[in-house]
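Numbering of the sequence shown is given in my numbering, commencing with residue -14 and proceeding in unit increments. The beta-carbon is built from N, C-alpha and C at its ideal position, and this holds for glycine as well. Just so you know, these numbers come straight off a predicted model, no measurement behind them.
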Amino acid sequence: MSEKARVLIIDDDEDFRISIRTLLQSEGYQTIEADSGKQGLEKIKLEKPDVILLDIMMETMDEGYLLNQVLKFQKQYEDFKAIPILMVSSIQEDPLSRFPKAAGQVDMIIPDYYFSKPVDIPKFLETLKKVLQK
């Protein structure tokens, strides 16, 4: 990682954004923040992050999940499909099992990695490094 990797944090919980930003910056990452899915999409277009850290549950019930689907399916976001998504949630069981497949959808698009809050910091940092080396 010669140039600082850019991590977009999309979460409506300001305390979480602050703590994860502090952690990532102390590890040498550049951070970008958004407090909603809509703002996250804008930041993705403008900032072109190397990886996205996305909360699955935001102000609307399943906004993080929907944002993940938009990035993977919508043609206008095709250039951003390859950006790895690390999804976080305060839901302890696998929240992705709650979502039905969309009509005509062959496979559910899932994030590259999933973490429960509170995030296991060593595992998170190890996963982030691994994702950025690909």
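Integer Cβ distance of Ser21 from Met42, believed to fall under 8 Å: Taking the sequence shown and counting its residues from 1, one reaches residue 21 at position 36. Taking the sequence shown and counting its residues from 1, one reaches residue 42 at position 57. Actually they are not in contact, since the Cβ atoms of Ser21 and Met42 sit about 12 Å apart, beyond 8 Å.
Work out the CA separation of Ile37 and Pro69 for me, nearest whole Å. Numbered from its first residue, the sequence shown carries residue 69 at position 84. Numbered from its first residue, the sequence shown carries residue 37 at position 52. Those two C-alpha atoms are separated by around 6 Å.
Considering Asp(-3), what are the terminal residues of the beta strand (DSSP E) in which it resides? Looking up residue -3 in the sequence shown gives position 12. Per DSSP, Asp(-3) belongs to no beta strand (DSSP E) and is neither H nor E.
Endpoints, the alpha helix (DSSP H) within which Val104 is located: Counting from one through the sequence shown, the residue named residue 104 turns up at place 119. Segment: none, Val104 is in no alpha helix (DSSP H) and carries neither H nor E.
Member of Gly13, Leu(-7), Gln10, Glu12 whose CA lies at the smallest distance from the CA of Ile25: For the purposes of this step, residue 25 is taken as residue 40 along the sequence shown, with counting starting at 1. Contrary to the premise, residue 25 reads as Gly rather than Ile in this sequence. With distances taken between Cα atoms, Gly25 lies closest to Leu(-7).
By a C-beta neighbour count over all protein chains shown, 10 Å radius and 16 as the cutoff for buried, is Ala(-10) buried or exposed? Residue -10 sits at position 5 when you count from the first residue of the sequence shown. Burial call: buried.
Where does the unbroken beta strand (DSSP E) through Pro70 begin, and where does it stop? Within the sequence shown, the letter at position 85 stands for residue 70. In the sequence under discussion, the amino acid at residue 70 is Ile, which differs from the Pro named in the question. Where Ile70 is concerned, the enclosing beta strand (DSSP E) stretches over 70 to 74.
Measuring CB to CB, does Pro96 end up less than 8 Å from Leu117? Residue numbering aside, residue 96 sits at position 111 when the sequence shown is read from its first letter. Residue numbering aside, residue 117 sits at position 132 when the sequence shown is read from its first letter. No; because the gap between Cβ atoms is not below 8 Å, this pair is not in contact.
Proximity to Asp(-3) [Cα-Cα], best of Lys23, Gln10, Tyr14: For the purposes of this step, residue -3 is taken as the residue at position 12 of the sequence shown. Of the candidates Lys23, Gln10, Tyr14, the one whose C-alpha sits nearest the C-alpha of Asp(-3) is Lys23.
Using only the alpha-carbon positions, how far apart do Pro103 and Phe1 sit? Stepping through the sequence shown from its first residue, residue 103 is reached at position 118. Stepping through the sequence shown from its first residue, residue 1 is reached at position 16. Distance between the alpha carbons of Pro103 and Phe1 is about 9 Å.
So, helix, strand or coil for Ile17, using DSSP? For the purposes of this step, residue 17 is identified with residue 32 of the sequence shown, where counting begins at 1. Reduced to three states, the DSSP call for Ile17 is strand.
Look up Val36 in the DSSP assignment and give the residues it is bridged to. Here residue 36 corresponds to residue number 51 of the sequence shown, with the count starting at 1. Val(-8).
Alpha carbons only, please: which of Pro34, Glu(-12), Ala19, Ile(-5) is nearest the one belonging to Gly13? Within the sequence shown, residue 13 is the residue found at index 28, counting from 1. Looking at the Cα atoms, Glu(-12) is the closest of the given residues.
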